[in-house]
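Enquirer: Letter by letter, the sequence shown follows residues 130 to 195 in this note's numbering.
All C-beta atoms, glycine included, are put in the ideal place defined by N, C-alpha and C.
All of these numbers come straight from a predicted model, not from anything done at the bench.
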Amino acid sequence: MSLLSSDLRPTEITIVVVLIAALVLLPPLLNLWFSIDSAWYLPYIVWFAIIVLSWYLQRLLRKNAI
Numbered sequence: 130m131s132l133l134s135s136d137l138r139p140t141e142i143t144i145v146v147v148l149i150a151a152l153v154l155l156p157p158l159l160n161l162w163f164s165i166d167s168a169w170y171l172p173y174i175v176w177f178a179i180i181v182l183s184w185y186l187q188r189l190l191r192k193n194a195i
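(1) Which word fits THR143, buried or exposed, when buried means at least 16 other C-beta atoms lie within 10 angstroms of its C-beta?
(2) Enumerate in chain order the residues of its own chain whose CB-to-CB distance from MET130 is below 6 Å, with the five nearest sequence positions on each side excluded.
(3) Excluding the five sequence neighbours on either side, which residues of its own chain have a C-beta within less than 7 Å of the C-beta of TRP162, listed in chain order?
(4) State the DSSP-derived secondary structure class of TYR173, mapped to helix, strand or coil.
(5) Rounded to whole angstroms, what is the Cα-Cα separation between ILE149 and ILE174?
(6) Who are the Cβ neighbours of VAL147 in its own chain at under 6 Å, not counting the five residues just before and after it?
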């Protein structure tokens, strides 16, 4: 069995996209999170958006892989 089988490929792509999003978004988001006047729920909204994006990407990639 190949390491890059069709079952592993969508998962790997999703992980790479989430890591790139975290690297790009983390520094500006840290400034927002640590500012005095930011809402307490802002980190939860950001992480929810990242989770939904990765779920949608995973679903889309699996659907196209079949």
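Expert: Looking at the atomic coordinates:
(1) Position 14 of the sequence shown, counted from the first residue, corresponds to residue 143. Result: buried.
(2) Here residue 130 refers to the residue found at position 1 of the sequence shown. Confidence is the limiting factor: at MET130 the pLDDT is only 44, short of 50, which leaves the residue's position unreliable, though a coordinate-based value still follows. Within the same chain, MET130 has no close Cβ partners at all.
(3) Here residue 162 refers to the residue found at position 33 of the sequence shown. Excluding positions up to five away in sequence, the list reads LEU171, PRO172.
(4) Numbered from its first residue, the sequence shown carries residue 173 at position 44. Assigned with DSSP and collapsed to three states, TYR173 falls in helix.
(5) Here residue 149 refers to the residue found at position 20 of the sequence shown. Here residue 174 refers to the residue found at position 45 of the sequence shown. Just so you know, the alpha carbons of ILE149 and ILE174 end up roughly 18 Å apart.
(6) Here residue 147 is taken as the residue at index 18 of the sequence shown, counted from 1. The beta carbon of VAL147 sits closer than 6 Å to the beta carbons of SER183 from its chain, once the five residues preceding and following it are set aside; these are given in chain order.
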